[in-house]
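Protein chains in written order, with the working numbering: chain X, -6 to 216; chain E, 105 to 375; chain A, 251 to 480. Cβ coordinates follow ideal geometry from the N, Cα and C atoms, glycine included.
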Amino acid sequence: MEWTSYLAPLAQGAWVTAQLTVYSTILGGLFAFAFGLGKLSHNPLLKGFSVAYIEIFRGTSLLVQLFWIYFALPILGQAIGLDLRFPPVAAGVAALALNIGAYGAEVVRGAVQAVPREQYEAATALNFTGRKRLWRITLPQAIPEMMPTFGNLAVQNLKDTALVSLISLGDMAFRAEQIRNFTQDSVTVYTLVLFMYFGMALVVTACMKLLERYVGRWRAAGR
Amino acid sequence: MNNATEIRDATESSDPIIKFDKVVKRFGDHVVLDELDFEVQRGEKVTIIGPSGSGKSTVLRVLMTLEPINDGVVYVGGEPLWHQRRGDELIPAGEPHLREMRSHMGMVFQQFNLFPHMTVLRNLTEAPVQVLGINKAEAKKRGMELLEMVGLTDQADKYPHQLSGGQQQRVGIARALAMRPKVMLFDEPTSALDPELVGEVLNVIRSLADEHDLTMLLVTHEMHFARQVSDRICFFDQGRIKEQGKPEDIFTAPKEERTKAFLKAVLDPDD
Amino acid sequence: MFFGIEWDTSSQWAFAVSIFPILLHGLVITLEATVVGFFIALALGLVLAALKSAPTRFIRWPAKLLTEFIRDTPLLIQLFFLFYVLPEFGLTLPAFLTGALALGVQYSAYTSEVYRGGLEAVASGQREAARALNLAPARTFTHIILPQAIPRIIPALGNYLVSIMKDVPVLGVVTVLEMLGVARIIGDRTGGYLIPLTMVGGIYLILTIIASLGVRYLDTHLPKRGLSLK
Chain X
-6 MEWTSYLAPL AQGAWVTAQL TVYSTILGGL FAFAFGLGKL SHNPLLKGFS
44 VAYIEIFRGT SLLVQLFWIY FALPILGQAI GLDLRFPPVA AGVAALALNI
94 GAYGAEVVRG AVQAVPREQY EAATALNFTG RKRLWRITLP QAIPEMMPTF
144 GNLAVQNLKD TALVSLISLG DMAFRAEQIR NFTQDSVTVY TLVLFMYFGM
194 ALVVTACMKL LERYVGRWRA AGR
Chain E
105 MNNATEIRDA TESSDPIIKF DKVVKRFGDH VVLDELDFEV QRGEKVTIIG
155 PSGSGKSTVL RVLMTLEPIN DGVVYVGGEP LWHQRRGDEL IPAGEPHLRE
205 MRSHMGMVFQ QFNLFPHMTV LRNLTEAPVQ VLGINKAEAK KRGMELLEMV
255 GLTDQADKYP HQLSGGQQQR VGIARALAMR PKVMLFDEPT SALDPELVGE
305 VLNVIRSLAD EHDLTMLLVT HEMHFARQVS DRICFFDQGR IKEQGKPEDI
355 FTAPKEERTK AFLKAVLDPD D
Chain A
251 MFFGIEWDTS SQWAFAVSIF PILLHGLVIT LEATVVGFFI ALALGLVLAA
301 LKSAPTRFIR WPAKLLTEFI RDTPLLIQLF FLFYVLPEFG LTLPAFLTGA
351 LALGVQYSAY TSEVYRGGLE AVASGQREAA RALNLAPART FTHIILPQAI
401 PRIIPALGNY LVSIMKDVPV LGVVTVLEML GVARIIGDRT GGYLIPLTMV
451 GGIYLILTII ASLGVRYLDT HLPKRGLSLK
């Protein structure tokens, strides 16, 4: 079989992979900010919950989390009388986002804490409320610091999407396995897929670099 | 009740705008302010001098509510700063009270502490818009007036890192003034500057000193400047005021040995 | 029954207790794969790092591209690639070794950067000082640079050891019976996924907490100013 005939199904898979990556990276980013800031909160409940989330999702394996959400959660739901069965897409996006969000939360926390104390004092002296100080002074300075690591995490997330093929989601890895089963032409299929992932990673990296430049544009002014 | 308010209003104008009553501030075992009593009158220009670690900057930082105190009471405009009244009692102040009190003060920092992600003009308009609720157009107009006052109208759209240290500090002064404070606190405003940039900042502060109703509290090592602009000089040592008086008295005829030694060290460092 | 151990489904508690030794069997495989994969990563990473600092750019650039390629592509696909492609070239490895090799390849991209970063972090002034003292290049490397680089390198490598451990479950797809695979089989056969999967999560959590405490200990106790190699 000609290798070009693999391209159509692989492209279908690539589209699923791209969607999974985008959705779970955005959702993961939200988790990262919510729990990263939560860990810095003075409210012990919020702080405790954030620390527990970060430790659990960083401390266990992504595949364990994915299987737990897909296989174990429905059983838990049955026991407590809730329908916690999720379609593979939802389980996949949730597991990826929760996992990457936990790593991102530590990045957010670190970057916020790295904003010089003097900025906090200047904002206090100008009588900003705590919330406005965070949104208008601290975060705009912290976010550009997070971006290089966020870029790495986004690529990590793209790679991790391959695991959702194991709960039979039709992403690129899943299509590759199908084609291999059908043709036994493993060298061609996997070489092709490796390069497709590499290409997508380059696109993700380029997008994150653009975003990094955008959020940090004040740093480049006049240089 | 009516009577009481009237009395307060009447006394407010003649009472000191700032009053430290046996204020204690400790960092661990180190006593920074040692039962400090200190008063500043409305419109007065006071310079605090003294060796490093004598508690000079702490006085300003306590007033700006950046450092809480351990004991005593600080009054600003007759109201306790770090406490609020409940009946006849004083209880530790909550954030709403602190925010109310902070609105009377503006601070200029040694390291400028401008917001690096905002243009110069935005540094001046952000707090008036976000904190005071002034509309943007008005805040910009006022911001440009302040930039004109500090001689930086042409830098309005630049970012802080594009400015020299002296320019940044002039923006820092304008930013504090944009909030229309009654008391301006200057914490070693020229210490971080290259010598040739000190003059431009001092000139701005000097022009402010001519405003009668603005109270100024200045911590500095620029002794000649302090002598020119101050109504009173306070010499701090070990968390207390060792000696205070008119500039000409302190600089020409200090009474205390510590004051003499300090002034000699800073004024004739070559001896 | 699994690994010759019977499970007890009379109650949930009894079930959990009875499958614990089965999971431990899987845990042993997980730890073995972690260690073997880690050592392969250490060795391959060293090769990559050496190639990336080769004197000619005809070696340096391809080595950098290869590192980037390995780092930007999924472990799962690399694993499938090795698992299905190596035999076509006449190299048939047991699933466990193929898995460990895949882990090693994936993480060699990371370890090679750790080596390079650690060496480059040693201040260039140190090199210049050594040159001024007329130390031979080899001696400079072993006596001046390495002792200062190692305290930075080891904690970073420790973090990747933990990451490898968390990636081992991927090897389940090529029939390596690591802990998660064992838990899934128990789930498949009993229909009770909740308890085995939760237990696997708990065991992972305990292991990573212990491991990160270990890494933190190394980080604070290795002398940052240099390690005596004697």
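Paired residues, beta bridge with residue i - DSSP
{"i": "Val287/E", "result": "Met209/E, Thr319/E"}
{"i": "Val144/E", "result": "Ile122/E"}
{"i": "Gln328/A", "result": "DSSP lists no partner for Gln328/A."}
{"i": "Phe252/A", "result": "Ile255/A"}
{"i": "Phe339/E", "result": "Ile153/E, Glu347/E"}
{"i": "His134/E", "result": "Phe131/E"}
{"i": "Gln380/E", "result": "The question about residue 380/E has no answer here: the residues shown for chain E are numbered 105 through 375."}
{"i": "Tyr179/E", "result": "Lys123/E, Pro184/E"}
Cβ neighbours of residue i in the same chain (closer than 8 angstroms, five flanking residues each side left out)
{"i": "Ala461/A", "result": "Gly408, Leu411, Val412, Met415"}
{"i": "Lys314/A", "result": "Lys302"}
{"i": "Met105/E", "result": "Caution is warranted here: a pLDDT of 40 is assigned to Met105/E, below 50, making its placement in the model unreliable, and no coordinate value can be reported."}
{"i": "Thr348/A", "result": "Leu329, Leu332, Phe333, Leu336, Val424"}
{"i": "Pro83/E", "result": "The structure shown has nothing for residue 83/E, since chain E only spans 105 to 375."}
{"i": "Thr223/E", "result": "Ala260, Asp261, Lys262, Tyr263"}
{"i": "Ala107/X", "result": "Ala135, Glu138"}
{"i": "Ile345/E", "result": "Leu140, Asp141, Phe142, Cys338, Phe339"}
{"i": "Arg310/E", "result": "Phe329, Gln332, Val333"}
First and last residue of the uninterrupted alpha helix (DSSP H) at residue i
{"i": "Asp417/A", "result": "396 to 417"}
{"i": "Pro67/X", "result": "66 to 73"}
{"i": "Ile195/E", "result": "Not the alpha helix (DSSP H): Ile195/E falls in the beta strand (DSSP E), residues 193 to 196."}
{"i": "Gly6/X", "result": "0 to 33"}
{"i": "His275/A", "result": "262 to 302"}
{"i": "Tyr467/A", "result": "444 to 471"}
{"i": "Gly94/X", "result": "81 to 107"}
{"i": "Phe42/X", "result": "37 to 52"}
{"i": "Lys364/E", "result": "361 to 371"}
{"i": "Trp311/A", "result": "307 to 322"}
{"i": "Pro137/X", "result": "132 to 153"}
{"i": "Arg340/A", "result": "Looking at the sequence itself, residue 340/A is Gly, so the reference to Arg does not match. Looking at the DSSP string, Gly340/A is not in any alpha helix (DSSP H), and its letter there is neither H nor E."}
{"i": "Thr229/E", "result": "224 to 231"}
{"i": "Gln215/E", "result": "Element bounds for Gln215/E: n/a, residue is neither H nor E."}
{"i": "Pro299/E", "result": "299 to 313"}
{"i": "Ser161/E", "result": "160 to 167"}
{"i": "Thr440/A", "result": "429 to 440"}
8 angstroms contact criterion, which residue i and residue j should meet: CB distance rounded
{"i": "Ile445/A", "j": "Ala266/A", "result": "5 angstroms"}
{"i": "Gly237/E", "j": "Pro285/E", "result": "No, Gly237/E and Pro285/E are not in contact; Cβ-Cβ is about 17 angstroms, not under 8 angstroms."}
{"i": "Thr361/A", "j": "Gly295/A", "result": "3 angstroms"}
{"i": "Gly147/E", "j": "Phe216/E", "result": "The Cβ separation is near 26 angstroms, so there is no contact."}
{"i": "Thr162/E", "j": "Leu322/E", "result": "Going by Cβ atoms, the distance from Thr162/E to Leu322/E rounds to 15 angstroms, so no, they are not a contact pair."}
{"i": "Glu170/X", "j": "Ser161/X", "result": "Rounded, the Cβ-Cβ distance is 10 angstroms, inconsistent with contact."}
{"i": "Val127/E", "j": "Gly198/E", "result": "Not confirmed; about 20 angstroms, so no contact."}
{"i": "Leu13/X", "j": "Leu77/X", "result": "Wrong, their Cβ atoms sit about 21 angstroms apart, outside the cutoff."}
{"i": "Leu371/E", "j": "Met327/E", "result": "6 angstroms"}
{"i": "Gly52/X", "j": "Leu455/A", "result": "4 angstroms"}
{"i": "Gly163/X", "j": "Val9/X", "result": "6 angstroms"}
6 angstroms CB neighbourhood of residue i in its chain, flanking five on each side removed
{"i": "Gln155/X", "result": "Residue identity check: residue 155/X is Ala in the sequence provided, not Gln. Closer than 6 angstroms at Cβ, skipping near neighbours: Ala166."}
{"i": "Val100/X", "result": "Met139, Thr142"}
{"i": "Phe346/A", "result": "Val426"}
{"i": "Pro351/E", "result": "Arg331, Ser334, Ile337"}
{"i": "Phe252/A", "result": "Ile272"}
{"i": "Pro264/E", "result": "Leu218, Pro220, Gln272"}
{"i": "Leu66/X", "result": "Leu77"}
{"i": "Pro232/E", "result": "Ile238, Ala243, Ala282"}
{"i": "Ile255/A", "result": "Pro271, Ile272"}
{"i": "Gly431/A", "result": "Gly422"}
Own chain partners of residue i with C-beta closer than 7 angstroms, once the 5 adjacent residues on each side are dropped
{"i": "Leu218/X", "result": "With chain X running from -6 to 216 in the structure shown, residue 218/X is simply not present."}
{"i": "Gln145/E", "result": "Pro120, Ile121"}
{"i": "Thr109/E", "result": "With a pLDDT of 42 at Thr109/E, under the threshold of 50, the predicted position of this residue should be treated as unreliable, though the coordinate-derived value follows. Cβ within range, chain order: n/a, list empty."}
{"i": "Tyr207/X", "result": "none"}
{"i": "Ile195/E", "result": "His187, Gln188"}
Original post:
On the three-pair Cβ rule with 8 angstroms, is the region 338 to 345 of chain E touching the region 150 to 169 of chain E?
Top reply: yes
Subject >> Any 3 or more C-beta pairs closer than 8 angstroms across the region 322 to 330 of chain A and the region 381 to 397 of chain A >> reply: no
Original post:
If you pair each beta-carbon of the region 434 to 453 of chain A with each one of the region 257 to 271 of chain A, do three or more pairs fall below 8 angstroms?
Top reply: yes
**OP:** Evaluate contact between the region 177 to 188 of chain E and the region 74 to 94 of chain X, counting only Cβ atoms and requiring at least three cross-stretch pairs below 8 angstroms.
**Re:** no
Original post:
Does the region 35 to 54 of chain X come close enough to the region 110 to 127 of chain X that 3 or more CB-CB pairs lie under 8 angstroms?
Top reply: no
**OP:** Examine the Cβ distances between the region 172 to 181 of chain X and the region -6 to 7 of chain X and report whether three or more of them are shorter than 8 angstroms.
**Re:** yes
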